[in-house]
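Notes for the one structure printed next.
Protein chains: 2
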Amino acid sequence: LIELIDLSKDYLMDGGRIRIKALEKINIKIGKGEFVALMGASGSGKTTLLNVIGGMLKADNGYVLIDGVNLTHLTDKQLVDYRTEKIGYIYQSFNLLSNLTAFENIELPLIFHGRPREERIKRVNELTELVGISKRKEHKPNELSGGEKQRVAIARAMANKPKMILADEPTGNVDIQTAKQIVDLLQEINENEGTTFILSTHDLKMVDICKRVLWISDGQITRDQKITRI
Amino acid sequence: LIELIDLSKDYLMDGGRIRIKALEKINIKIGKGEFVALMGASGSGKTTLLNVIGGMLKADNGYVLIDGVNLTHLTDKQLVDYRTEKIGYIYQSFNLLSNLTAFENIELPLIFHGRPREERIKRVNELTELVGISKRKEHKPNELSGGEKQRVAIARAMANKPKMILADEPTGNVDIQTAKQIVDLLQEINENEGTTFILSTHDLKMVDICKRVLWISDGQITRDQKITRI
Ligand SMILES: Nc1ncnc2c1ncn2[C@@H]1O[C@H](COP(=O)(O)OP(=O)(O)OP(=O)(O)O)[C@@H](O)[C@H]1O
Ligand SMILES: Nc1ncnc2c1ncn2[C@@H]1O[C@H](COP(=O)(O)OP(=O)(O)OP(=O)(O)O)[C@@H](O)[C@H]1O
Ligand SMILES: [Mg+2]
Ligand SMILES: [Mg+2]
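This is how it looks when you write it as structure tokens:
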């Protein structure tokens with residue numbers, strides 16, 4: 201369970217002389233196994249909110265409670281454990297390591313987690329098959345197309361079967377067919393493994409498939425919409 | 201006028217042992233002032249084709265004729281002149297310089313072109329207004345959202361009023377409203393300044409606004425569609 205209480209986050213620039221309000225008094229609860237879309241215009245605060253929930257950015261005010269634990273009270277070491285144990289993250293700009301192949305990028309979270317080599321190879325081969333890039337395993341990021349990089353990033357986020365996956369524009373860089381495959385894949389994982397998903401998106405088609413949509417504008421949640429399919 | 205004759209491009213990996221066919225026997229002509237979309241699935245060869253037309257990648261076989269000049273016969277120095285004189289490029293992954301502000305990133309092509317300071321400031325202020333980021337001029341790329349980076353990249357491509365703009369997924373990272381604003385902007389430039397546009401996209405909505413769509417699949421142009429609006 202994720203609980204955000206009066207969450208605010210500003211960015212300071214120019215040595216603190218300029219203050220940009222990115223998130224303001226956000227109050228939401230997200231239950232285990234939910235599939236939620238975060239929808240909003242460019243610059244509305246989506247990436248900032250995902251980074252705060254993911255423990256990469258510290259909130260200025262308010263609480264971030266994950267299964268009852270207040271992230272703002274954790275030490276940096278505890279935050280790293282929280283991130284590797286519980287969370288898979290798909291960045292808006294991929295963040296793949298340029299000197300490693302697709303295979304090695306996906307393998308990395310499994311190495312951090314201390315998984316034995318045999319198990320790692322089996323899991324990575326499973327994931328590359330699942331996301332449709334098994335023919336590109338030996339390519340490095342600069343030898344992959346934009347969409348292929350995104351699929352590597354998705355496979356890497358799923359490596360340790362995390363309890364929660366935070367995905368920043370997972371279908372931003374791919375074509376309609378690939379986007380549909382990716383979304384079906386994410387929904388399958390949500391239904392079969394009970395993984396909680398929070399996806400940021402601009403794509404109105406994403407509204408059709410998510411069960412809940414949080415609309416964000418200028419750092420505030422303006423609407424919390426439950427989508428029921430007839 | 202752009203003329204591609206039997207254009208092929210392979211990528212070699214692993215010291216030449218693996219060969220990936222990215223473009224194969226492409227034959228197309230694009231006239232001055234056209235507004236063309238390059239539509240295809242992830243990995244179909246769109247970025248590779250834009251890079252060959254833009255003079256960043258050398259073709260393996262065939263001819264790339266721009267206004268009658270064969271790019272494959274140019275020296276590296278002549279290629280750099282070709283790129284700064286004639287072409288504005290919007291990369292799929294922004295490629296902004298991380299240590300410069302939005303203002304300085306947009307100003308850079310004007311500095312290369314030897315424009316005086318007064319004229320540069322005026323032009324950059326015009327462009328930031330045009331693409332809607334005048335409040336973020338002093339931000340560095342890591343202080344901008346994904347969509348804001350894209351708008352900086354578009355403004356930079358337009359700095360020297362190039363004859364041709366090659367745009368790789370210009371609306372990939374932005375919301376529907378912003379995408380519409382960007383496309384309207386690019387069309388305005390096409391109509392007012394006669395700039396030739398070639399855009400790669402996955403977005404079927406782009407088909408509606410372009411006058412011509414080249415469909416690419418597995419490195420080959422499979423269809424050349426003129427779109428006439430009723
Ligand atoms: N430097 C490289 N080395 C080896 N293969 C490459 C390289 N760059 C691209 N490729 C391969 O060439 C093919 C074409 O890539 P390209 O980047 O042109 O695709 P694209 O149409 O732009 O895809 P997307 O829509 O996902 O960005 C892909 O299958 C990709 O794996
Ligand atoms: N490091 C930073 N320093 C200063 N301002 C920042 C920083 N990062 C983001 N911002 C600002 O905070 C606001 C929210 O940014 P955020 O990246 O969360 O937006 P977003 O909703 O993800 O947008 P997009 O859809 O374009 O990716 C933006 O207006 C942006 O300019
Ligand atoms: Mg973002
Ligand atoms: Mg591409």
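These protein sequence lines map, in sequence, to chains P and Z.
Position one of the first sequence corresponds to residue 201 (our numbering), numbered consecutively onward.
Position one of the second sequence corresponds to residue 201 (our numbering), numbered consecutively onward.
C-beta atoms are modelled at their ideal positions from N, C-alpha and C, and glycine is treated no differently.
The model shown is predicted, which means the values in this text are computed figures rather than measured ones.
Practice task
State the CB to CB distance for the pair Glu369 of chain Z and Asn342 of chain P, rounded to an integer number of angstroms; the pair is presumed to be in contact (CB under 8 Å).
Solution key: Not a contact, Cβ separation roughly 17 Å.
Handout entry: Three-way DSSP call (helix, strand, coil) for Leu207 of chain P in this model
Key = strand
Problem - Strand pairing of Ser417 of chain P, partner residues [DSSP] - result: P:Gln420
Practice task
Report whether the distance from the Cβ of Asp368 of chain P to the nearest heavy atom of ligand 3 is below 7 Å.
Solution key: yes
Practice task
Along the beta strand (DSSP E) that carries Ile229 of chain Z, what are the first and last residues, could you check?
Solution key: It should be pointed out that residue 229 of chain Z corresponds to Lys in this sequence rather than to Ile. Start and end: Ile218 to Ile230.
Problem - Secondary structure of Arg283 of chain Z, DSSP reduced to three states - result: helix
Practice task
Please classify Met358 of chain P: does DSSP put it in a helix, a strand, or coil?
Solution key: helix
Exercise for the section: Give a yes or no on contact between the region 234 to 252 of chain P and the region 415 to 428 of chain P, applying the rule of three or more CB pairs nearer than 8 Å. Expected result: yes
Exercise for the section: Return the bridge partner residues of Ser400 of chain Z from the DSSP annotation. Expected result: Z:Leu238 and Z:Asp368
Exercise for the section: May I ask you to report which of helix, strand or coil DSSP gives Gly233 of chain Z? Expected result: coil
Exercise for the section: Check the Cβ-Cβ distances between Ala241 of chain P and every residue of chain Z, and say whether any is below 8 Å. Expected result: yes
Exercise for the section: Using a threshold of 8 Å, state whether the C-beta atoms of Asn392 of chain P and Pro309 of chain P are closer than that. Expected result: no
Problem - Contact between the region 257 to 269 of chain Z and the region 256 to 274 of chain P (3+ Cβ pairs under 8 Å) - result: no
Exercise for the section: Could you tell me whether the Cβ atoms of Ala302 of chain P and Val236 of chain P are closer together than 8 Å? Expected result: no
Exercise for the section: Using a Cβ cut-off of 8 Å, pull out every chain P residue sitting near Val352 of chain Z, in sequence order please. Expected result: Within chain P, no residue comes near Val352 of chain Z; the closest Cβ sits about 12 Å away, beyond 8 Å.
Practice task
List the endpoints of the continuous beta strand (DSSP E) containing Val264 of chain P.
Solution key: Asn261 to Ile266
Practice task
In the DSSP assignment, find the unbroken alpha helix (DSSP H) run with Asp384 of chain Z in it and report its ends.
Solution key: Ile376 to Glu393
Problem - Close beta carbons around Arg323 of chain Z, own chain, < 7 Å, minus the five adjacent residues each side - result: Leu310 and Ala359
Handout entry: Local Cβ density within 10 Å of Phe312 of chain P, reported as buried at 16 or more and exposed below that
Key = exposed
Handout entry: DSSP bridge partner residues for Lys322 of chain P (one or two, in chain order)
Key = None, per the DSSP bridge assignment.
Problem - Within chain P, the residues that Glu348 of chain Z reaches when beta carbons sit closer than 7 Å - result: Ser242 and Gly243
Problem - Under 8 Å between C-beta atoms of Ile228 of chain P and Asp424 of chain P - result: yes
Handout entry: Neighbourhood of Glu203 of chain Z by C-beta distance below 6 Å, restricted to the same chain and skipping five residues each side
Key = Lys229 and Leu265
Handout entry: N-terminal and C-terminal residue of the alpha helix (DSSP H) that Met406 of chain Z is part of
Key = Lys405 to Ile409
Handout entry: Reduced DSSP secondary structure (H/G/I, E/B, other) of Arg317 of chain Z
Key = helix
Handout entry: First and last residue of the uninterrupted alpha helix (DSSP H) at Lys246 of chain Z
Key = Lys246 to Ile253
Handout entry: the region 215 to 227 of chain Z contacting the region 384 to 400 of chain P, beta-carbon criterion three pairs below 8 Å
Key = no
Practice task
Compute the minimum distance between the beta carbon of Met213 of chain P and the heavy atoms of ligand 5, and state whether it is under 7 Å.
Solution key: Ligand 5 is not part of this structure, which contains only ligand 1, ligand 2, ligand 3 and ligand 4.
Problem - Residue-level contact to chain P via CB, Ser345 of chain Z, 8 Å cutoff - result: yes
Problem - CB contact flag (Gly262 of chain P, Leu207 of chain P, <8 Å) - result: yes
Problem - chain Z contact residues for Asn227 of chain P, given Cβ-Cβ distances below 9 Å - result: Per Cβ cutoff of 9 Å: no residues; Asn227 of chain P is ~23 Å from chain Z at best.
Exercise for the section: Use the C-beta contact count for Ser298 of chain P: other C-beta atoms within 10 angstroms, 16 or more gives buried, fewer gives exposed. Expected result: exposed
Exercise for the section: Just grab the DSSP bridge partners of Val269 of chain Z for me. Expected result: Z:Ile266
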